[in-house]
Each structure stands twice: as C-alpha cells, then as structure tokens.
Amino acid sequence: MITRTIFAGFGGQGVLLMGYVLTHGAMHKGLDVTYFPSYGAEMRGGTANCTVTVSDKKIASPVASNPDILVAMNYPSLEKFESTVVEGGTVFLNSSLFEERPSRDNIDVVPVPIIDLAREAGSERGGNMVMIGTVCAKAGLLSLEETIKGMEAALKGKEKFFKANQKAIERGFAFAADGK
C-alpha cells in the first residue's frame, strides 16, 4: 500500500498542518511517511502545498507527481493540480470557498462544506481539521484515534487547541460516514 496526497491552498488555511497531522498519524500507525512542504515567501494569502506519502514499505521519493488524493482548499489549487491526480483518484474540495468542480470524469470528487461543518463543531477556524478528518476517514488512511494522535503530535506544546481540533476531526469523520 502506498498513498500519495497533495494538500494545496492559500497560506493561512492550515494546508501544511493537515499534511503534518497525516504524517504524525501515519507514523503513530507504524507506517513509513514522507512530508514535503512548499510555500511562497509571502505565507498568509500566498500559495502553500505539501505532499505526504504514506506506505507500508520504504518510500523511494517524497515527490508525488501523480497523487492518489488531492485536497484543494481553493480554486487555483484545483486548477493547478487536478490534471496530476491519477485516474480513479480522489479530489476533496473546500466547497465553502468555491463551487467549481474538476473537468475530469475519471476521478472521484468529494465536496466538503468545511466552514459549516467547523461551525457545527464549535469554531469556523477548525475547517482544516474537518477536512483532514474527512480525508482520513473517506480514504481509509487513518482511524479516528490515529488522526487525533497525529493532531496532538503536530500541535505538541499547543494543548489548548486539542479539544476544539478533536471536535472538528470527529465532525469530519461523521461527514465522511453519512455525507451530512
């Protein structure tokens, strides 16, 4: 098993943190992982993306030119990376921010209304945690417990955010299960 994921969006949307949560959760699970961040010098408002490769075998390269999963937090990210997703891959969209859909019909598309779901979980700021919960659940990458452990490891030293982020992750898992 090898799964390559690209998380992409604007700086400030928690794109790199989502990748970091997946990375730590996968390590907790005992898998091999690579994490490859990329971001513009302007950070907030600029572009940001990261590639996370998760495998039960050694990983040859951190680069994922053809990811199995794309998480597009904004429309420019969908435009930039849609063509790179493997046939039969999955694209998760931040449907709270844009309505456009991929032009391809050979990939699965999962629109996620992260702002509404985060609000239900208690804070609009938890949108990235809703998304990582949805991705991990829907793609079968991590269990709820492993995702929460990943978040706790990624945010070590910032324990005051654990409870709110856990609720957002749980909301993402629930959305993945029932679509509501």
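In the UniProt record's numbering, the protein residues as written are 1 to 180. We put the beta carbon where it would ideally sit given N, CA and C, even for glycine.
Whole-angstrom C-beta distance between residue j and residue i, which should lie under 8 Å
i: Gly19; j: Pro37; result: 7 Å
i: Ala139; j: Gly172; result: Not quite, the Cβ-Cβ distance comes to about 12 Å (not below 8 Å), so this is no contact.
i: Val33; j: Thr53; result: 7 Å
i: Gln13; j: Asn128; result: 6 Å
i: Leu144; j: Leu22; result: Wrong, their Cβ atoms sit about 14 Å apart, outside the cutoff.
i: Phe98; j: Thr134; result: Contact doesn't hold; Cβ gap of about 17 Å is too wide.
i: Glu146; j: Lys29; result: 5 Å
Bounding residues of the beta strand (DSSP E) (the contiguous stretch that carries residue i)
i: Ala60; result: No beta strand (DSSP E) contains Ala60, which DSSP labels as neither H nor E.
i: Ile132; result: Careful: Ile132 lies outside any beta strand (DSSP E), inside the alpha helix (DSSP H) at 127-139.
i: Pro111; result: 108-112
i: Thr5; result: 2-10
Beta-bridge partners of residue i, as assigned by DSSP
i: Tyr39; result: Ala48
i: Ile69; result: Thr5, Thr90
i: Thr34; result: Thr53
Residue i to residue j span [Cα, whole Å]
i: Thr47; j: Ala64; result: 18 Å
i: Lys80; j: Met73; result: 12 Å
i: Lys167; j: Glu87; result: 33 Å
i: Thr90; j: Lys158; result: 32 Å
i: Phe162; j: Glu170; result: 12 Å
i: Lys58; j: Thr3; result: 12 Å
i: Val15; j: Asp56; result: 24 Å
i: Phe92; j: Leu70; result: 6 Å
i: Leu17; j: Ile107; result: 25 Å
i: Pro102; j: Glu82; result: 7 Å
i: Ala121; j: Ile148; result: 15 Å
i: Ala26; j: Asn94; result: 23 Å
i: Thr5; j: Arg104; result: 18 Å
i: Gly11; j: Tyr39; result: 7 Å
i: Thr51; j: Asn66; result: 11 Å
i: Phe7; j: Asp68; result: 11 Å
i: Pro76; j: Ser96; result: 14 Å
i: Ala177; j: Leu31; result: 24 Å
i: Lys160; j: Ser123; result: 14 Å
i: Pro111; j: Ser61; result: 29 Å
i: Gly126; j: Ile132; result: 10 Å
i: Gly49; j: His24; result: Going by the sequence as given, residue 49 is Asn instead of Gly. For Asn49 and His24, the distance between alpha carbons rounds to 17 Å.
i: Phe179; j: Leu78; result: Residue identity differs from the one stated: residue 179 is Gly in this sequence, not Phe. Using only the alpha carbons, I get a separation of about 21 Å.
i: Tyr35; j: Met1; result: 17 Å
Boundaries of the alpha helix (DSSP H) in which residue i is found, first to last residue
i: Val21; result: 15-29
i: Phe162; result: 162-178
i: Phe98; result: Run containing Phe98: none; DSSP gives neither H nor E here.
i: Ser77; result: 75-81
i: Gly122; result: Segment: none, Gly122 is in no alpha helix (DSSP H) and carries neither H nor E.
i: Thr147; result: 144-154
Item checked: Validate contact between the stretch 100-118 and the stretch 153-160 using beta carbons, cut 8 Å, 3 pairs -> Verdict: no, contact absent.
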